[in-house]
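J.: A single structure is presented below for examination.
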Amino acid sequence: MTRFCVRFPVTTWMIFVSFVVLGAYSIPRLKIEAVPDVNLPTLTVSTSWNGASPQAVQRAITIPVEEAVQDVHGVEKIESQSRAGNSTVTISFRRSTNIDFARLDLNEQLGDVRRNLPLGALQPQIIPFVPEEFRTEDFFTFSLESPLSPNELRELAETWVIPQVLGVPGVADAEVLGGARPLVKIVLDRRLLDLYGIRADEVFAALNRLDEFEGAGVVLERGLERLVALRRPVSIASMRDAVVARRGGQTFTLTMVGEVRADFEDPVYYVRANGQNVVQVSVDKRSGANTVGVSRDLRKALPGIEANVPAQLAFHIDEDQGKDLEDKLRDLIYRSFAILGILFIMLIISVRRLQLTAIVTASIVFATLISLSMFYFLRISVNFITISGLAVCFGMIVDNSILVLDAIHRRLEALDRAEELGLSRRAKLEVAYHAILDGARDIMQPALATTATTVVVFASFVFLSGRLALYYVPLAISVTTALIASLFVAFGWVPMILHHIWAKPMVAKLSDGPRDVVDAGELDVLVAEAPAHEDRVRRIDRGYAFLQRAWWLVVPLSLAIFAGAWWVYDNKVNKGGFWRFPEQEELFLYLEMPSGTDLELTSETLRAFENELTPVPEGVRMSSRAFGNQAIIRIEFDDDQRETPLPFYWRELLIARADATGGSSVFIRGFSDRPYFKGAFGGSALNSLVKITGYNSKRLSEIAEGTLARIERNRRVRNARVTTGAQFERIRQEEMVIKIRREALAAHNLTVVELAAQIRRMLGVDIPWTMLIEQEQERVQLSFADAEDISYTNIADLVVRNQAGEQVRLGDLIEIERREVSRSISRENQKYTTHVNWEYLGTDQMRQNYIKDVLAGIELPYGYKAEEARQEFLTQEEEEEIGLAVWMSIAFIFIVLAALTESLALPLLILLSIPMSLVGVFVIFWLTHSVFDSSARIGLVLLFGVAVNNAILLVSRYRTEATLVLKSKLGGDPETRASLFPPLRKALGGSDLWVLPKEERVSLLKRAVARGTRVRMRSILLTSGTTIVGLAPLLVHMNDTPDKDIWENLALATIGGLASSTLLLLFMGPVVYTTSIRLRWTVRRFFLWLTARVRRRPTAPAPSPESA
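Each residue of the sequence shown is one higher than the one before, counting from 6 in my numbering.
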């Protein structure tokens, strides 16, 4: 390839220009996302059953839905949550599953469940996202801010905003939080109903008939019979005049027993921003959709949507994961440009020629463009991980070009000898041409080996699965494509451009001698290198000669370094789990009132906290949300405000208000090492959480309570509790149960349905129904005027009426009791789950070690499982996969080296650079107090491929020096003579110096090793230096979070390992190589001596025929 590119420069230029054009075309069309989507495609089945306990919901709805889901094709995992009045079953599918077909299949399987729902339960709804109450974080939320009331804002959002948001590509669904939906409320006067003897069921039936179709006959049209039906137009006025009952010849209209008014449902959420009421829209993206792309499209669409709304309002984006991740991606790209700049400066300092530096730097650009073009044509998305891989391997990309440049530069010294011989410029051009080809050929085998070992380690990633594969296989692809492209650039473009802009101008500056013809033999002599024993001895050669003599000191010292590094890893390095995104620090408050607290009271209690912080200054955003008896406040600060004392002052204000608020549970975190707690809520927001899974809920509870008792004995543990696993939730709640006396019910001619309906209306919680009113579908609800004044405690004193008009006291028909029940029931793949949550006081390493001790101490029956719940740790399967990947990477390196060197001993010597690199990894993670997480472990795989590169360069040079010595001493071509087939050539090494006389082979070996180390030292230091310095910008913190981005541990592991392997290799490499060769000679002498002894042993004479 090199010969072709040098001979045909225009063709070579056109090839690489085509890569530039392809890159310019591909880059704008690349699919860009933040991180691989580790979440499986998900569907959620949500079913409401108003008033049912969690146990009843589980028995009657959740378990039948789970059983139906089992028959759906492609199901990977089933999770369920049974709460009071609601069942949520979340189904995760395999990544290859077509989610649309899965939804159709799921809908069909739920048919039997729909036919057997309990009375009062609504039909199951299949939604393509996780419901708000179970969502751990929002993808994209924005607020509608306006002087209008929250109810009016909600109507605008549902009418004008939501349809347009759903039209944005990649959006799965959107819901409105805050305000209440319109409702036609029919309020009946219970006193008048009793006076006239009218039942509420009669009113309901009469109103329901207003919305019915009435048959008007049949029309015959073109041979077809068409049924004609009529529906009277219904309006609120006609409802007021509707006849609802007749008694004794008197007709009663609705206005005679109650009133009809346009109203709103009871609000489910109160949402405020900076203390002002707003309505919030929460958007969820489709599984697999481009996070950054969907976020961009939403931000682009919002101004147009805002302009189309027929009201004065403003949109404010509260949460935007896509924008946050896009900023991270932009930060990484800036770091990549910084790496290019640093590499350029370092190269120009080392090479001292702007042209050569530009050539080497341009090779990075070419390789990156080729790699990104491959991404486009292979339909691979460019994300956080792939860009990190390219940034991490920038220094490696340039290594091949540096090696080629260094080898050609050394060979071009032949031009000085050509000048001394008086060759013409034409002959010198021929010398330069062959010098470039020979230099590229000399370094090709080591370059192929170094690139192959770096690339082949990623073949071990085939053993990864799950989230490890999703995160780190793209890293392997990006590094592999970039390194293969760099090899193509280094041996194609670099020699061609060096020949034209460096070698030719260099020859032009030399004198034009009289000699014009150079034969092939003389050309080889001119271009060839001199052997080590003919070169002058330099100071560094004497130093390496001393090290080779002092092997008895170097070897034990090296073993001591390895042992010390392992001790540091085992006792000092903080081992982490799976890498996580760093979180921006914020003030967060969670408030929980007693069960049954009215939403209005919860909202007003939360407002007291907000009033402590208002008015909100510029640069601060305070978002609050109240729902049921729970509420949260989230306060975000911009960079300038975060540096002021304001966040700490506001935290103290919130704590003071919490201390003064009675009857509530409060949790506050942010801007402190320890969160604030008040009350006895059972959420899972503390820093340690263990999940226990099993088939029997009673046995599971016993295991959890036993674990809790053991945890509470530790003096560093605070607020230990058994929880459901939700971030903020009580483990148990009080439930009021109404038991119906069926015998008494039958005696008074009442049905369960009639009794339940009357009780709901008395309490104002009757289920709304839908009617077509004034050409609009409206929700209608029936209730009593005094429903707000009736409490659950005095319901037994109320009176109900049967169809005959008989009045019966409720206390004679029902029994009321209070009992404590679970707040929710969680199951995963039809196993029950519970959690043990606690706060551990100590360092993060101490906390993680304690969690591991707790998990190890839990005795579990067969089929039960205990694990760290937040997935901070690697699972046992992931640990095994990473361990297998590391060992397989070493095995693959050995296989490649053995194939390329045609030796089994040399790869073992080269692999010694791996423990040398681990020394630096362990030490740098210890000194920087960094967590050795999954990214650091995957970084080891990358490091192993890089660390052996220097050893390959060193050993390959030792073999070259040995060949030069043999050629000088024996004459001819020793590589051809040593091969089995004379036309071929066998690579020789230091062990082949055995053929030389005994008195000089040891000294020649030491000279060859010393010179080989000196020759390769420049290349090794330059390539390692460019890689290390190029990775340095990835370690610069550009945010205030203590957590690290994914590229930081990759870079840290590579820098530490490469630095130690480079230094230890230059120190120990010559000693190890010389010692191994001399040991091999000793073994060879022993076998020769043994063979000679066997041959000299006298044999017994054969018996004569006579003696026989």
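In this text, a Cβ means the ideal position worked out from N, Cα and C, and glycines have one as well. Please read these numbers as outputs of a predicted model, since none were measured by experiment.
(1) Classify A790 as helix, strand or coil using the three-state DSSP reduction.
(2) Have a look at S23 and S31 and give me their C-alpha separation to the nearest angstrom.
(3) In or out: I350 buried (at least 16 other Cβ within 10 Å) or exposed?
(4) For G548, which residues does DSSP report across the bridge?
(5) Put F9 into one of helix, strand or coil per three-state DSSP.
(6) State the Cα-Cα distance for the pair C398 and G847, rounded to the nearest angstrom.
(7) Would you mind sorting V26 into buried or exposed? The rule is 16 or more other CB atoms within 10 Å of its CB.
(8) Exposed or buried, E113, counting other C-beta atoms within 10 Å across all chains shown (16 or more means buried)?
(9) Note the first and the last residue of the continuous beta strand (DSSP E) segment covering N213.
(10) Should R195 and M767 be called a contact, given that it needs their Cβ atoms to be closer than 9 Å?
(11) Give me the residue from G28, C10, T965 with the minimum Cα distance to F371.
(12) How many angstroms separate the CA atom of F144 from the CA atom of I322?
(13) Is M851 helix, strand or coil when you go by DSSP?
(14) At the level of alpha carbons, what is the spacing between I191 and A221?
(15) Starting from the C-beta of K577, find all residues in its chain whose C-beta is less than 6 Å away, skip the five residues before and the five after it, and write them out in chain order.
(16) Work out the CA separation of L417 and F21 for me, nearest whole Å.
(17) Please state if the CB of I344 and the CB of L1036 are separated by a distance shorter than 9 Å.
(18) My output table needs one value for A250: the three-state DSSP class, helix, strand or coil.
(19) Taking C-alpha atoms, which residue in D110, E311, W54, L1093 lies nearest to Q169?
(20) Where do the ends of the beta strand (DSSP E) carrying T93 lie?
(21) In chain order, which continuous runs of the beta strand (DSSP E) of length 3 or greater are located wholly inside the region 590-675?
(22) Please report the residue range of the alpha helix (DSSP H) in which Y381 lies.
(23) Under three-state DSSP, which class holds Y275?
(24) Going by beta-carbon coordinates alone, are T486 and G950 separated by less than 9 Å?
(25) For my contact list, V946 and S465 are in at a C-beta cut-off of 8 Å; report their separation, rounded to the angstrom.
(26) Which stretch, first to last residue, makes up the beta strand (DSSP E) that contains I83?
(27) Who are L224's beta bridge partners in DSSP?
(28) Give the DSSP-derived three-state secondary structure of I4 in the structure shown.
(29) Using alpha carbons as the reference points, say which of S608, S53, F342 lies closest to R119.
(30) Could you name the residues of the same chain whose beta carbon sits closer than 7 Å to that of R1101, not counting the 5 residues immediately before and after it, in chain order?
(31) Just to confirm the assignment, what range does the alpha helix (DSSP H) spanning Y574 have?
(32) According to DSSP, is E137 helix, strand or coil?
(33) Between the Cα of R245 and the Cα atoms of L492, R236, F257, L153, which residue gives the shortest distance?
(34) Just how far apart, CA to CA, sit V50 and A177?
(35) Going by DSSP in three states, P500 sits in which element: helix, strand or coil?
(36) Relative to the C-alpha of F1072, which residue among T366, L750, I96, W556 is closest?
T.: Taking the geometry as given:
(1) Reduced to three states, the DSSP call for A790 is coil.
(2) Straight-line Cα distance between these residues: approximately 12 Å.
(3) Answer is exposed; the Cβ neighbour count stays below 16.
(4) Per DSSP, none; premise fails for G548.
(5) In the structure shown, the three-state DSSP call for F9 is helix.
(6) Cα to Cα, C398 sits roughly 37 Å from G847.
(7) Counting every other CB atom within 10 Å of its CB across the protein chains shown gives V26 a total below 16, marking it as exposed.
(8) Around the beta carbon of E113, a 10 Å sphere encloses fewer than 16 other beta carbons of the protein chains shown; the residue is thus reported as exposed.
(9) Looking at the DSSP string, N213 is not in any beta strand (DSSP E); the run it does join, the alpha helix (DSSP H), is 205-215.
(10) It is a contact, given that the beta carbons lie within the stated cut-off.
(11) Closest option to F371, Cα to Cα, is G28.
(12) Taking the straight line joining both Cα atoms gives about 11 Å.
(13) Of the three classes helix, strand and coil, the one that applies to M851 here is helix, per DSSP.
(14) When rounded, the separation of the alpha-carbon atoms in I191 and A221 is 30 Å.
(15) Result list for K577: W931, in chain order.
(16) The alpha-carbon of F21 is positioned some 26 Å away from that of L417.
(17) Result yes, Cβ atoms of L1036 and I344 sit closer than 9 Å.
(18) Correct three-state label for A250: strand.
(19) Looking at D110, E311, W54, L1093, the one whose alpha-carbon comes closest to that of Q169 is E311.
(20) Looking at the DSSP string, the run of the beta strand (DSSP E) that includes T93 is 91-98.
(21) Counting only runs of 3 or more, we get 592-597, 625-632, 635-642, 670-674.
(22) Counting along the chain, the alpha helix (DSSP H) containing Y381 begins and ends at 359-382.
(23) DSSP, reduced to helix, strand and coil, places Y275 within a strand of the structure shown.
(24) No, the pair does not count as a contact, with Cβ atoms beyond the cut-off.
(25) At roughly 6 Å, the Cβ-Cβ gap stays under 8 Å, so V946 and S465 are in contact.
(26) I83 -> beta strand (DSSP E) spans 80-88.
(27) It is worth fixing the name first, because residue 224 is Val in this sequence and not Leu. In the DSSP output, where bridge partners are listed per residue, V224 has R231.
(28) In the structure as shown, the chain starts at 6 and stops at 1113, and residue 4 therefore has no counterpart that could be examined.
(29) From the listed residues S608, S53, F342, the smallest Cα separation to R119 is found for S53.
(30) Closer than 7 Å at the Cβ level, and outside the excluded window around R1101, lies no residue.
(31) If you look at Y574, you'll find it in the alpha helix (DSSP H) that goes 556-576.
(32) Residue placement at E137 cannot be trusted, given a pLDDT of 42 that sits under 50; what the coordinates show is reported in the next sentence. It is helical.
(33) Comparing alpha carbon positions, the residue from L492, R236, F257, L153 closest to R245 is F257.
(34) C-alpha separation (whole angstroms): 15 Å.
(35) In this structure, P500 counts as helix in the three-state DSSP scheme.
(36) The residue from T366, L750, I96, W556 with its alpha-carbon nearest to that of F1072 is W556.
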